[in-house]
Amino acid sequence: MKAAVNRHPGCDYKGKTRGLNDAMELLQGKWKVLIIAVLCCRGRKRFTELQQEVEGISARMLTRELQVLELNQLVQRTVCSTKPVTVQYEITPYGKTLEQIVMQLMDWGLGHRRRIMSATLSVSSLPDSSPLCAQPDN
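So this is what it looks like as structure tokens:
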């Protein structure tokens, strides 16, 4: 029987799957990575500004996602003593550790969109804002 070749010496795949599962569970869903990207790229935002930047998210969902991100120390919530009271959100220094990963995902996603759209005429009529993930026809 042929022995498996480790393409990345020193990579303990089996030992790191728990970390990958944790990261995927925390960042799962449609909105968390987008919220992180907005706060990394645009800086501190009030709730309504953030809702406008993350197109399509409801106030209820944004509240829920921000709570999860805050509990996991990725986002900081600050209540300002203004009249009326305003709340601002910003990425924490710990949350900033995801910035490079999120930027790489954005770049990869744009490249993937171009690749699939140029290879598949049937999706070339999609607007640039449409999600794109090639799926087999059933």
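For what it's worth, our numbering labels the leading residue of the sequence shown as 1011, then goes sequentially.
We put the beta carbon where it would ideally sit given N, CA and C, even for glycine.
Distance from Q1110 to K1055 at the Cβ level is roughly 20 Å; contact not present, criterion being Cβ atoms closer than 8 Å. Going by DSSP, R1054 is part of no alpha helix (DSSP H) at all; its letter is neither H nor E.
Under DSSP, the beta-bridge partners assigned to Y1099 are K1055, R1087. Counting along the chain, the unbroken alpha helix (DSSP H) around L1076 starts and ends at 1069-1081. Within the same chain, T1096, V1097, Q1098 come within 8 Å of C1090 by CB-CB distance, once the 5 residues on both sides are set aside. In this structure, the straight-line span from the alpha carbon of V1085 to that of R1125 is close to 33 Å. Here L1049 is buried. Its C-beta has 16 or more other C-beta atoms within 10 Å. Considering only A1047, L1036, A1129, H1122, the residue with the shortest C-alpha distance to E1100 is A1047. Out of L1044, T1088, T1102, A1033, the CA that lies nearest to the CA of E1075 is found in L1044. In this structure, DSSP gives V1064 a state outside helix and strand, which the three-state scheme calls coil. With 16 or more neighbouring CB atoms inside 10 Å of its own CB, L1037 falls in the buried class. Only exposed fits K1040, as fewer than 16 other CB atoms lie within 10 angstroms of its CB. The closest CA to that of Q1061, considering only G1029, R1052, L1072, G1053, is found on L1072.
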